[in-house]
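Just remember that our numbering sits 10 ahead of the position in the sequence shown, which is counted from 1.
Where a beta carbon is used, it is the ideal one built from N, C-alpha and C, also for glycine.
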Amino acid sequence: MTMQNVYLLLSLILTSITLNLVVMKRHNKDKVKTRHIVESLLLTIGVIGFHLLYFN
11 MTMQNVYLLL SLILTSITLN LVVMKRHNKD KVKTRHIVES LLLTIGVIGF HLLYFN
């Protein structure tokens, strides 16, 4: 795994976390939304990890 891939992975994860936090701020009163955000974040990280493993 090259350094470029590591930086790409970190930037994608940080972008995903940032977007999810922005959405969570808007829906902070709804517990179901919070669970949905956590699930989408885990799914995003899983997809990115799969792509890095598959293409390397």
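Through-space distance from I58 to S21, alpha-carbon basis:
11 Å
Close Cβ partners of L19 (< 7 Å) along its chain, the five nearest in sequence each way excluded:
I58 and L62
Any idea what DSSP makes of T28, helix, strand or coil?
helix
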